[in-house]
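If you count by the working numbering, then the sequence shown holds residues 10 to 82, one letter each, in order. Ideal Cβ placement from N, Cα and C applies to all residues, glycine included. Everything on this sheet refers to the single structure shown next.
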Amino acid sequence: VSEVYPVTFKNFKLTFPKGSTFTTKVNQRPLTPPQRTYLYERLNELEAAGIIRRIAPEDVKAASPTVLAQKAH
């Protein structure tokens, strides 16, 4: 993950119609202890690499549940 570099030559902007609302309540399926450990380790790794960052709950504009999928190989 530390080998991921930010893209500075491309701009990306999402536009939504005024008045659009999105769900901020997540109906997350419970994670097993091993799943929770794996997910939290990956999130901490992404945060340490500067790929994601924490925000205050009141700043959340949209949310969806996390789904862990096992790789086929």
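For residue i, tell me which candidate among the options has the shortest Cα-Cα distance.
i          : options        : result
residue 88 : 30, 17, 12, 26 : In the structure as shown, the chain starts at 10 and stops at 82, and residue 88 therefore has no counterpart that could be examined.
residue 12 : 60, 47, 37     : 60
residue 77 : 56, 53, 37, 57 : 37
residue 67 : 41, 20, 33     : 33
What first and last residue would you give for the alpha helix (DSSP H) that runs through residue i?
i          : result
residue 39 : That residue, residue 39, is in no alpha helix (DSSP H); it is neither H nor E in DSSP.
If you reduce the DSSP assignment to three classes, tell me which class residue i lands in.
i          : result
residue 63 : coil
residue 30 : coil
residue 75 : coil
residue 46 : helix
residue 57 : helix
Could you give the C-beta distance for residue i and residue j, rounded to a whole number, given that I count them as a contact under 8 Å?
i          : j          : result
residue 48 : residue 17 : In fact, because the Cβ distance is near 29 Å, the residues do not count as touching under 8 Å.
residue 56 : residue 10 : Wrong, their Cβ atoms sit about 10 Å apart, outside the cutoff.
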